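Participant: Taking our numbering, the leading residue of the sequence shown gets 32, the next gets one more, and so forth.
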Amino acid sequence: MKERGHPGKRMWAANLIYGLSRLVMPLKYRILLEGIENLPAEGPVLLLAKHQRLDDIPLGLMVLQKYRRSDIYCIMKDSLAKWYFFNIIVLAGGIPLNRKNPEKSKWPLIFARDQLHAGKLMVIFPEQTFFPGKMGRGKTPGFRFLAGRPEIPLAVNVIGFRYHKSGRRTEAHVRIGKTTYYNKDHDPDEFLHERMHEMATLSLLTYPYKRPAKGATTEDPE
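1. With DSSP as the reference, label K59 as helix, strand or coil.
2. Going straight from the alpha carbon of T201 to that of D216, what length do you get?
3. Taking a contact to mean a Cβ-Cβ separation below 8 Å, would you say A178 touches P71 in this structure?
4. Taking the straight line between their C-alpha atoms, what separation do you get for L47 and R53?
5. Looking at C-beta atoms only, is the number of pairs between the region 57-69 and the region 135-151 that lie closer than 8 Å three or more?
6. Taking 7 Å as the cut-off, is the CB of S234 close to at least one heavy atom of the ligand HEM?
7. Here's the rule I'm using: 16 or more other beta-carbon atoms within 10 Å means buried, otherwise exposed. How should D220 be labelled?
8. Would you identify the three-state DSSP class for E107, choosing helix, strand or coil?
9. In whole angstroms, give me the CA-to-CA distance for A211 and R180.
10. Reducing DSSP to helix, strand and coil, say where N132 ends up.
11. Would you mind listing the beta strand (DSSP E) stretches within the region 134-158 that are 3+ residues and don't spill past its ends, in chain order?
12. Is the region 116-133 in contact with the region 187-207, if contact means three or more CB pairs nearer than 8 Å?
13. Enumerate in chain order the residues of its own chain whose CB-to-CB distance from M230 is below 6 Å, with the five nearest sequence positions on each side excluded.
14. Taking the beta carbon of F293 as the centre, do at least 16 other beta carbons fall within 10 Å, making it buried, or is it exposed?
15. Should L51 be labelled buried (16 or more other beta-carbon atoms within 10 Å of its own) or exposed?
Shown next as structure tokens:
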């Protein structure tokens with residue numbers, strides 16, 4: 032049933048992408064996974080992901096579904112929901128946002144927040160676009176909206192990606208940090224700032240941005 036602008040996750044679609052990733056990704060990458068045991072196996076989890084390249088998405092979803100859990104949703108650009116993808120990415124759990132017209136993303140964001148707090152794993156890319164080999168600034172509004180002001184602390188994990196060419200295949204280092212918990216008393220800008228430093232460390236990068244001033248906001252909705 033279509034819910035607030037999203038058809039809902041279909042496991043056949045998720046398994047199709049998972050199966051294709053299992054076939055293709057090992058041909059291209061030698062995957063080195065660390066810290067998967069840090070990710071809670073059930074319950075609401077907001078997973079903040081580094082965005083080095085497009086392959087972060089199928090690669091990350093593949094290892095998460097293979098080793099930990101399959102109830103995965105992911106915030107994504109609406110360009111990945113075009114007709115020529117046959118809506119498979121959306122059916123697999125992708126939630127497209129319209130960045131040019133943020134007002135059109137109200138219901139997808141509400142759907143994403145509802146799924147997260149109903150106990151699902153929600154993946155977002157705080158940088159919002161690719162930053163190969165460096166860190167982009169973490170954008171707070173999407174994190175703030177999805178996390179809300181939880182009375183029960185919300186589990187938050189960070190996943191870092193690092194790619195290194197080694198012979199015919201590229202080494203893909205996928206590292207998941209320890210769980211931290213976000214609650215209604217946290218300042219979202221400061222909390223995300225700390226997670227961005229963690230993301231940089233997991234990706235063997237440096238986060239060059241200053242701690243946000245108290246009460247400061249960033250402008251983007253995702």
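Note that CB positions come from ideal geometry on N, CA and C, so glycine has one too. As the structure is a computational prediction, the values presented were derived from the model and not from experiment.
Facilitator: Walking through what the data contain:
1. On the sequence shown, position 28 is the one that residue 59 refers to. Three-state result, K59: helix.
2. Taking the first residue of the sequence shown as 1, we reach residue 201 at position 170. Taking the first residue of the sequence shown as 1, we reach residue 216 at position 185. Computed Cα separation, rounded: 42 Å.
3. Position 147 of the sequence shown, counted from the first residue, corresponds to residue 178. Position 40 of the sequence shown, counted from the first residue, corresponds to residue 71. Not in contact: A178 and P71 (Cβ atoms no closer than 8 Å).
4. Here residue 47 refers to the residue found at position 16 of the sequence shown. Here residue 53 refers to the residue found at position 22 of the sequence shown. Answer to the nearest angstrom: the Cα atoms are 10 Å apart.
5. no
6. Of ligands this structure carries none, so the ligand HEM is not represented either.
7. Within the sequence shown, the letter at position 189 stands for residue 220. With 16 or more Cβ atoms within 10 Å of its Cβ, D220 is classed as buried.
8. To locate residue 107, count along the sequence shown from 1; it is residue 76. The amino acid occupying residue 107 in the given sequence is Met; Glu does not appear at that position. Three-state DSSP puts M107 in a strand.
9. The residue labelled residue 211 in the question sits at position 180 within the sequence shown. The residue labelled residue 180 in the question sits at position 149 within the sequence shown. The sequence shown places Thr at residue 211, rather than the Ala named in the question. Rounded to whole angstroms, T211 to R180 spans 15 Å at the Cα level.
10. Against the sequence shown, residue 132 aligns to sequence position 101. Looking at N132 - three-state DSSP - the assignment turns out to be coil, as it is neither helix nor strand.
11. 152-155
12. no
13. Along the sequence shown, read from residue 1 onward, the residue named residue 230 stands at position 199. The answer, listed in chain order, is K81, V189 and G191.
14. Missing from the structure shown is residue 293; the chain here goes from 32 to 253 and no further.
15. Counting from one through the sequence shown, the residue named residue 51 turns up at place 20. By the neighbour-count rule (16 or more Cβ atoms within 10 Å), L51 is not buried but exposed.
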